[in-house]
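Residue numbers (this note's numbering), protein chains in the order written: chain Y, 1 to 30; chain G, 31 to 427.
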């Protein structure tokens with residue numbers, strides 16, 4: 001098997017940060 | 031886009047393509063509006079596999095924004111469903127099974143060698159090509175813990191009102207019916223003739239409820255290790271509520287109640303064995319009430335009796351042993367109360383144990399939850415998506 005090339009790390013917000021973003025999005029939408 | 035070309039399964043790569051504009055529809059169809067009972071006859075955790083196959087395609091086309099957006103929408107969608115169904119065992123269990131399965135998929139197909147040891151060659155070909163989703167795995171793990179906690183809360187809320195009457199008050203041994211300590215006969219018989227009020231649950235009803243929980247979790251494909259942890263936590267609750275009531279109620283501290291309680295705990299153990307859950311450490315959580323039942327039944331007179339009690343009651347602390355001996359109520363005029371000198375004898379023997387002073391058990395104690403990595407044998411390219419799910423906007427690739 002050929003060694004795979006390194007993958008790019010996708011940065012993720014924490015669960016709490018995701019929730020905050022989600023709440024502010026919901027507030028913005030009418 | 032709707033043209034369907036019949037292709038052999040080997041032509042599929044186990045990916046699902048979708049248009050970015052359809053992401054909201056995907057999350058709505060597969061998560062927020064999804065009814066768990068629509069997939070009872072399919073592969074367990076079907077939504078998790080479908081979502082992962084969509085992530086795989088976004089990774090395959092090297093679209094980091096599409097991957098991030100789908101994962102974030104998925105996590106928020108699951109949180110929304112849980113909030114809306116925060117008293118529903120079936121929905122909570124379903125999403126615990128699916129989030130932990132999605133987490134396992136992100137590991138199994140991550141390309142990290144530690145997670146690939148049990149993969150087939152085909153599964154290794156299906157590993158993510160461009161992105162490392164380790165940080166999203168952490169978020170999914172945190173989410174799974176939150177769902178687990180909600181599941182325990184829902185289940186405890188259902189069984190808590192059943193525990194005292196099922197474990198301490200109902201008479202599951204027919205021959206013992208009516209054998210109650212002096213002065214307490216009326217209390218129980220009046221409950222029986224009431225025709226079953228809200229507080230008169232039988233042991234059978236409690237076990238039936240545990241069976242329902244277990245059946246739901248098993249059918250939804252929740253990992254057996256997680257099922258075992260749920261059952262252990264619920265057994266802890268049964269033990270804690272039963273023991274705390276026993277420690278505060280003179281009327282249940284009798285020889286016949288000891289016999290009844292021992293029988294009830296053995297039925298609980300039998301249920302574990304019958305469902306292959308005996309290895310889950312759940313049985314060990316019943317040890318304090320098993321010992322309390324034995325303490326009610328053994329002789330409590332001589333110094334040898336005291337020695338036997340001390341070596342028997344290792345899962346009860348000194349305070350609890352002494353309290354039960356003090357509450358012990360003779361069944362009839364031929365049986366004696368436990369003497370003060372016998373209780374002192376016990377206290378002297380137990381002094382060196384340095385037991386904590388708490389009398390009552392913490393009913394809210396939670397064992398730390400673990401989600402051991404459980405790879406799946408499923409080949410993604412063989413996954414069938416029922417037309418009834420309304421996901422015909424997903425394109426098999």
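Here a beta-carbon is modelled for each residue, glycine too, at the ideal position from N, C-alpha and C. The model shown is predicted, which means the values in this text are computed figures rather than measured ones.
To the nearest angstrom, how far is the alpha carbon of residue i from that of residue j?
| i | j | result |
| --- | --- | --- |
| residue 329 (chain G) | residue 335 (chain G) | 6 Å |
| residue 51 (chain G) | residue 88 (chain G) | 13 Å |
| residue 110 (chain G) | residue 291 (chain G) | 42 Å |
| residue 187 (chain G) | residue 266 (chain G) | 14 Å |
| residue 84 (chain G) | residue 140 (chain G) | 15 Å |
| residue 161 (chain G) | residue 154 (chain G) | 15 Å |
| residue 200 (chain G) | residue 404 (chain G) | 41 Å |
| residue 270 (chain G) | residue 20 (chain Y) | 37 Å |
| residue 302 (chain G) | residue 310 (chain G) | 9 Å |
| residue 55 (chain G) | residue 240 (chain G) | 36 Å |
| residue 2 (chain G) | residue 297 (chain G) | Any answer about residue 2 (chain G) is impossible in this case: the structure gives chain G only from 31 up to 427. |
| residue 408 (chain G) | residue 237 (chain G) | 34 Å |
| residue 423 (chain G) | residue 92 (chain G) | 21 Å |
| residue 253 (chain G) | residue 6 (chain Y) | 31 Å |
| residue 304 (chain G) | residue 258 (chain G) | 13 Å |
| residue 268 (chain G) | residue 24 (chain Y) | 42 Å |
| residue 243 (chain G) | residue 179 (chain G) | 15 Å |
| residue 317 (chain G) | residue 367 (chain G) | 25 Å |
| residue 143 (chain G) | residue 57 (chain G) | 31 Å |
| residue 148 (chain G) | residue 406 (chain G) | 9 Å |
| residue 99 (chain G) | residue 247 (chain G) | 30 Å |
| residue 95 (chain G) | residue 13 (chain Y) | 14 Å |
| residue 245 (chain G) | residue 295 (chain G) | 21 Å |
| residue 47 (chain Y) | residue 167 (chain G) | What is shown of chain Y runs 1 to 30, which leaves residue 47 (chain Y) out entirely. |
| residue 286 (chain G) | residue 175 (chain G) | 42 Å |
| residue 26 (chain Y) | residue 49 (chain G) | 23 Å |
| residue 64 (chain G) | residue 22 (chain Y) | 20 Å |
| residue 226 (chain G) | residue 391 (chain G) | The predicted position of residue 226 (chain G) is uncertain, since its pLDDT is 44 and thus under 50; a value taken from the coordinates is nonetheless stated next. Looking at the two C-alpha atoms, the distance is approximately 29 Å. |
| residue 277 (chain G) | residue 382 (chain G) | 23 Å |
Near residue i, which residues of its chain fall below 8 Å by C-beta distance, leaving aside the five closest residues on each side in sequence?
| i | result |
| --- | --- |
| residue 177 (chain G) | 108, 112, 122, 125, 126, 129 |
| residue 182 (chain G) | 260, 263, 264, 396 |
| residue 325 (chain G) | 288, 339, 342, 343, 346, 351, 354, 355 |
| residue 173 (chain G) | 105, 108, 109, 129 |
| residue 184 (chain G) | 116, 117, 118, 119, 122 |
| residue 377 (chain G) | 348, 352 |
Once the 5 residues before and after residue i are set aside, which same chain residues still bring their CB inside 7 Å of it?
| i | result |
| --- | --- |
| residue 235 (chain G) | 192, 196 |
| residue 45 (chain G) | 83, 86, 87, 90, 427 |
| residue 18 (chain G) | In this structure chain G extends from 31 to 427, so residue 18 (chain G) is not present and cannot be described. |
For residue i versus residue j, is the C-beta distance shorter than 8 Å?
| i | j | result |
| --- | --- | --- |
| residue 272 (chain G) | residue 319 (chain G) | yes |
| residue 350 (chain G) | residue 389 (chain G) | yes |
| residue 299 (chain G) | residue 313 (chain G) | yes |
| residue 467 (chain G) | residue 72 (chain G) | What is shown of chain G runs 31 to 427, which leaves residue 467 (chain G) out entirely. |
| residue 165 (chain G) | residue 11 (chain Y) | yes |
| residue 134 (chain G) | residue 410 (chain G) | no |
| residue 256 (chain G) | residue 119 (chain G) | no |
| residue 413 (chain G) | residue 79 (chain G) | yes |
| residue 24 (chain G) | residue 202 (chain G) | Here chain G comprises residues numbered 31 to 427, so residue 24 (chain G) is not present and cannot be evaluated. |
| residue 198 (chain G) | residue 115 (chain G) | no |
| residue 372 (chain G) | residue 331 (chain G) | yes |
| residue 280 (chain G) | residue 348 (chain G) | no |
| residue 18 (chain Y) | residue 169 (chain G) | yes |
| residue 60 (chain G) | residue 421 (chain G) | yes |
| residue 250 (chain G) | residue 387 (chain G) | no |
| residue 283 (chain G) | residue 357 (chain G) | yes |
| residue 333 (chain G) | residue 375 (chain G) | yes |
| residue 47 (chain G) | residue 425 (chain G) | yes |
So is the beta-carbon of residue i under 7 Å away from any non-hydrogen atom of the ligand MG?
| i | result |
| --- | --- |
| residue 27 (chain Y) | The model depicted lacks the ligand MG and carries no ligand whatsoever. |
Within its chain, find whatever has a CB closer than 6 Å to the CB of residue i; leave out the 5 residues flanking it on each side and keep chain order.
| i | result |
| --- | --- |
| residue 69 (chain G) | 76 |
| residue 145 (chain G) | 137, 138 |
| residue 217 (chain G) | For residue 217 (chain G), the pLDDT reaches just 44, beneath the cut-off of 50, and the residue's location in the model is therefore unreliable, although a value from the coordinates is still provided. Nothing listed; no residue qualifies. |
| residue 231 (chain G) | 192, 195, 196 |
| residue 222 (chain G) | Because the pLDDT of residue 222 (chain G) is 41, which lies under 50, any placement of that residue in the model is unreliable, and the question is left without a value. |
Using beta carbons (cut-off 8 Å, strictly below), is residue i in contact with chain A?
| i | result |
| --- | --- |
| residue 54 (chain G) | Chain labels in this structure do not include chain A; the protein chains are Y and G. |
Ranges of the alpha helix (DSSP H) found wholly within the stretch 349 to 418 of chain G, counting only runs of at least 4: 370 to 380
Short of 8 Å Cβ to Cβ, which residues in the stretch 166 to 186 of chain G face chain Y? 166, 168, 169, 172, 173, 176
Starting from the N-terminal side, write out each stretch of the alpha helix (DSSP H) that is 4 residues or longer and does not extend beyond the stretch 254 to 283 of chain G. 254 to 276
Which residues, in chain order, does the stretch 102 to 117 of chain G contribute to contact with chain Y at a C-beta distance below 8 Å? 102, 105, 106, 109
When you check each C-beta in the stretch 121 to 146 of chain G against every C-beta of chain Y, which residues fall closer than 7 Å? 141
What residues in the stretch 18 to 29 of chain Y bring their beta carbon closer than 7 Å to a beta carbon of chain G? 18, 19, 22
Residues from the stretch 74 to 88 of chain G in contact with chain Y, defined by Cβ distance under 9 Å: none
Taking only runs of the alpha helix (DSSP H) that begin and end inside the stretch 309 to 338 of chain G, which ones reach a length of at least 4 residues, in chain order? 312 to 315, 317 to 327
Enumerate, from N- to C-terminal direction, the unbroken alpha helix (DSSP H) stretches of 4 or more residues contained entirely within the stretch 35 to 70 of chain G. 53 to 57
What residues in the stretch 384 to 408 of chain G bring their beta carbon closer than 8 Å to a beta carbon of chain Y? none
If the cut-off is 8 Å on Cβ atoms, which residues from the stretch 145 to 162 of chain G count as contacting chain Y, listed in chain order? 154, 157, 158, 159, 160, 161, 162
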